[in-house]
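Protein chains in written order, with this note's numbering: chain A, 58 to 179; chain B, 27 to 132.
As structure tokens, the structure follows; a few thoughts come after it.
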């Protein structure tokens, strides 16, 4: 059973960089046909995909956030990370990591972490 | 970007009711659509993928249909555990979610 767990600071100051890590257990981020994604959800609002990293290490980002986002992987720790720079209060949200299988049924999200709340405030 | 619009935003229903939620895409996405259920304080849970394929372990009262630009999620007989928020998500071109449908107890 694949499990994902987000970790990182719950409070980030405006203009700083938000950094989160997703630790994966029960599966390897460097094997198989999977994308590993970050998704966020502001309080009381809907879901927004941030970006993804493939098992090969290639990345794709939401065009609306692309200039501020970096996703990277650490295969030795079986983790992938999110850096979001120049944050504002609008970046306050619950941040989820999730897995996308790559198969004939497409790239839906089949496993999710529990989410971590990040608040941007001084 | 492909826009995904769900309706209604809120739906009031009773246990035993049959309910349908609609999702419309701004362009054809073939059948590259998933449905999720989210309860307060929890991560979304995958219900259906490729428009109509039921995820393992999901009760058969949930069903999905549609292709192209119009899709539906149907719950055939509402159970108390089904009151939650539902999201559709296109994955034809990266990912976009609908704004959600909150299913409330009438």
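The C-beta atom is built at its ideal place from N, Cα and C for all residues, glycine as well.
Here the structure is a predicted model, which means the values were calculated and not measured.
Candidates the options: which alpha carbon is nearest residue i's?
i                     : options                    : result
residue 146 (chain A) : A:175, A:90, A:65          : A:175
residue 59 (chain A)  : A:177, A:179, A:171, A:178 : A:171
residue 154 (chain A) : A:92, A:73, A:123          : A:92
residue 156 (chain A) : A:99, A:89, A:98, A:120    : A:89
residue 72 (chain B)  : A:177, A:168, A:127, A:113 : A:168
residue 97 (chain A)  : A:82, A:84, A:71, A:119    : A:119
residue 81 (chain A)  : A:159, A:71, A:62, A:69    : A:62
residue 85 (chain B)  : B:48, B:50, B:107, B:36    : B:107
residue 127 (chain A) : A:133, A:134, A:115        : A:115
residue 87 (chain B)  : B:105, B:130, B:56, B:93   : B:105
How about residue i: is its C-beta nearer than 7 Å to some C-beta of chain A?
i                     : result
residue 123 (chain B) : yes
residue 61 (chain B)  : no
residue 65 (chain B)  : no
residue 139 (chain B) : Outside the shown range of chain B (27 to 132) lies residue 139 (chain B), about which nothing can therefore be said.
residue 126 (chain B) : yes
residue 75 (chain B)  : yes
List, in chain order, every chain B residue whose beta-carbon is nearer than 7 Å to that of residue i.
i                     : result
residue 167 (chain A) : 72
residue 171 (chain A) : 69
residue 153 (chain A) : 69
So, using beta-carbon positions, are residue i and residue j closer together than 7 Å?
i                     : j                     : result
residue 95 (chain A)  : residue 86 (chain A)  : no
residue 117 (chain B) : residue 164 (chain A) : yes
residue 100 (chain B) : residue 46 (chain B)  : yes
residue 6 (chain A)   : residue 112 (chain B) : Because chain A is modelled from 58 through 179, residue 6 (chain A) falls outside the range shown and cannot be assessed.
residue 125 (chain A) : residue 143 (chain A) : yes
residue 42 (chain B)  : residue 91 (chain B)  : no
residue 95 (chain B)  : residue 54 (chain B)  : yes
residue 61 (chain B)  : residue 114 (chain B) : yes
residue 32 (chain B)  : residue 127 (chain B) : yes
residue 141 (chain A) : residue 75 (chain A)  : yes
So is residue i in contact with chain B if we call contact Cβ pairs under 7 Å?
i                     : result
residue 163 (chain A) : yes
residue 103 (chain A) : yes
Going along chain A in order, which residues have a C-beta closer than 9 Å to the C-beta of residue i?
i                     : result
residue 79 (chain B)  : 162
residue 113 (chain B) : 103, 104
Tell me, which residues are paired with residue i by DSSP?
i                     : result
residue 131 (chain A) : A:136
residue 116 (chain B) : B:59, B:122
residue 91 (chain A)  : A:158
residue 101 (chain B) : B:45, B:88
residue 80 (chain A)  : A:62, A:136
residue 33 (chain B)  : B:48
residue 74 (chain B)  : B:61, B:80
Using the beta-carbon of each residue, which ones in chain A are nearer than 7 Å to residue i?
i                    : result
residue 88 (chain B) : The contacting residues do not exist; residue 88 (chain B) stays about 15 Å from chain A at best.
What residues from chain B crowd round residue i, counting only those whose CB sits closer than 8 Å?
i                     : result
residue 117 (chain A) : 120
Taking 6 Å as the cut-off, is the CB of residue i close to at least one heavy atom of the ligand SAH?
i                    : result
residue 87 (chain A) : In the structure on display, the ligand SAH does not appear, and there are no ligands present to speak of.
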